[in-house]
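K.L.:
Encoded as structure tokens, here's the structure I'll be asking about.
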Amino acid sequence: MKTCLECSEKLVGREDKKFCSDSCRNAYNNKINKDSTNFMRNVNNKLRKNYRILCELNTDGKSKATRDKMINKGFDFEFFTNILQTKTGNTYYFLYDRGYRSLDNDYFMLVKKEI
Numbered sequence: 048m049k050t051c052l053e054c055s056e057k058l059v060g061r062e063d064k065k066f067c068s069d070s071c072r073n074a075y076n077n078k079i080n081k082d083s084t085n086f087m088r089n090v091n092n093k094l095r096k097n098y099r100i101l102c103e104l105n106t107d108g109k110s111k112a113t114r115d116k117m118i119n120k121g122f123d124f125e126f127f128t129n130i131l132q133t134k135t136g137n138t139y140y141f142l143y144d145r146g147y148r149s150l151d152n153d154y155f156m157l158v159k160k161e162i
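So for the sequence shown, the working numbering puts the first residue at 48; every next one is plus one.
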């Protein structure tokens, strides 16, 4: 006899059923996907905010923005997901598929990586 992973009620119906209702499925998935600590939640929020700012400033796939403009929108340069070093020696900082690299005079090149 199989039981619901969330509330342990007896399951009736399909053989591969795991939950007795949509609300139990949602509650179970919300529990396992929630950020486990405040630190983790805060880092994820900063990454999301930086990503939204890069998307807003770079709608064409490639553009430029000043450091001041990025900071005024709330961009935090300490939070990114990965670094890409090109063959020409340029360093790009990425937030998932959105990246930036420093140019002269406090400008940044904003790019979108095609996935």
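For glycine and all other residues, C-beta sits at the position ideal for the given N, C-alpha and C.
Note down the Cα distance separating K96 from N76, rounded to an integer number of angstroms.
P.N.:
C-alpha separation (whole angstroms): 24 Å.
K.L.:
Can L94 and F122 be called in contact, C-beta distance under 9 Å?
P.N.:
no
K.L.:
Relative to the alpha-carbon of N105, which residue among D153, D144, V59, T50 has its alpha-carbon at the smallest distance?
P.N.:
D144
K.L.:
Going by DSSP in three states, R148 sits in which element: helix, strand or coil?
P.N.:
strand
K.L.:
Would you list, in sequence order, the uninterrupted beta strand (DSSP E) runs of no fewer than 3 residues that lie entirely inside the region 108-143?
P.N.:
109-113, 129-132, 138-142
K.L.:
Taking buried to mean at least 16 other C-beta atoms within 10 Å of its own C-beta, is F86 buried or exposed?
P.N.:
Counting the other Cβ atoms within 10 Å of the Cβ of F86 gives fewer than 16, which makes it exposed.
K.L.:
Among all the DSSP beta bridges, which residues are the ones paired with F155?
P.N.:
A112, S149
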